[in-house]
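*Asks:* Before I ask anything, here is the structure I am working with.
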Amino acid sequence: MDWAGRSLTAVCMWPGKDSIWLPVLVGLRVVFIPLFMLCNVQPRHYLPVLFAHDAWYIIFMIFFSFSNGYLASLCMCFGPKKVPQHEAETAGAIMAFFLSLGLALGAAVSFAFRAMI
């Protein structure tokens, strides 16, 4: 689904590069953290299971991965356009670095969230 989200930007690029909605939508993805933590992950020690069926986890993961692909692709497209032309290449490289760093840190922090449930 990440690929589908990335591919959709070839057809539709909403919100635009100057829209307030892009950072809002990126920030709203934090909602997925408690949703995943309340899914049926065993063994559980502290948090209750609110989404007992595995289908909920699959649905959340579909929306999570699609939004990651779509919004990350939009940011990577719009980022270099928000800086002066002579800095666009550097901005793209910095964005690629921090995207990779964010993905790696997210994977590492997931073990801490796993311990919390």
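Position one of the sequence shown corresponds to residue 38 (the numbering used here), numbered consecutively onward.
Cβ atoms here follow ideal geometry from the backbone N, Cα and C, with glycine treated the same way.
Check this for me: beta carbons of C76 and F97, under 8 Å apart or not?
*Replies:* yes
*Asks:* Kindly list the residues whose CB is nearer than 6 Å to the CB of A125, restricted to its own chain and excluding five residues on each side of it in sequence; keep chain order.
*Replies:* P117
*Asks:* Measure the CB-CB distance between M74 and I154 and report whether it falls below 8 Å.
*Replies:* Yes, the pair counts as a contact, with Cβ atoms nearer than the cut-off.
*Asks:* Using DSSP with H/G/I as helix, E/B as strand and the rest coil, what is C49?
*Replies:* coil
*Asks:* Might you give, ordered along the chain, the residues of its own chain that have their beta carbon closer than 7 Å to the beta carbon of L87, omitting 5 neighbours on each side?
*Replies:* L75
*Asks:* With distance defined between alpha-carbon atoms, name the residue in L65, L142, L111 and P121 nearest to D39.
*Replies:* L111
*Asks:* If you draw a straight line from the alpha carbon of G53 to that of L59, how long is it in whole angstroms?
*Replies:* Rounded to whole angstroms, the separation of the alpha carbons of L59 and G53 is 8 Å.
*Asks:* When the distance is taken between beta carbons, is L108 closer than 8 Å to L170?
*Replies:* Nothing can be reported for residue 170, as the shown portion of the chain is limited to 38 through 154.
*Asks:* Decide if G106 is buried, meaning its Cβ has at least 16 other Cβ atoms within 10 Å, or exposed.
*Replies:* So G106 counts as buried.
*Asks:* Please specify which runs of the alpha helix (DSSP H), each continuous and at least 4 residues long, are wholly inside the stretch 58 to 90, giving them in chain order.
*Replies:* 58 to 65 and 69 to 74
*Asks:* Just how far apart, CA to CA, sit P121 and S56?
*Replies:* The alpha-carbon atoms of P121 and S56 are separated by roughly 19 Å.
*Asks:* Since S104 contacts R66 with CB under 8 Å, what's their CB separation in whole angstroms?
*Replies:* 6 Å
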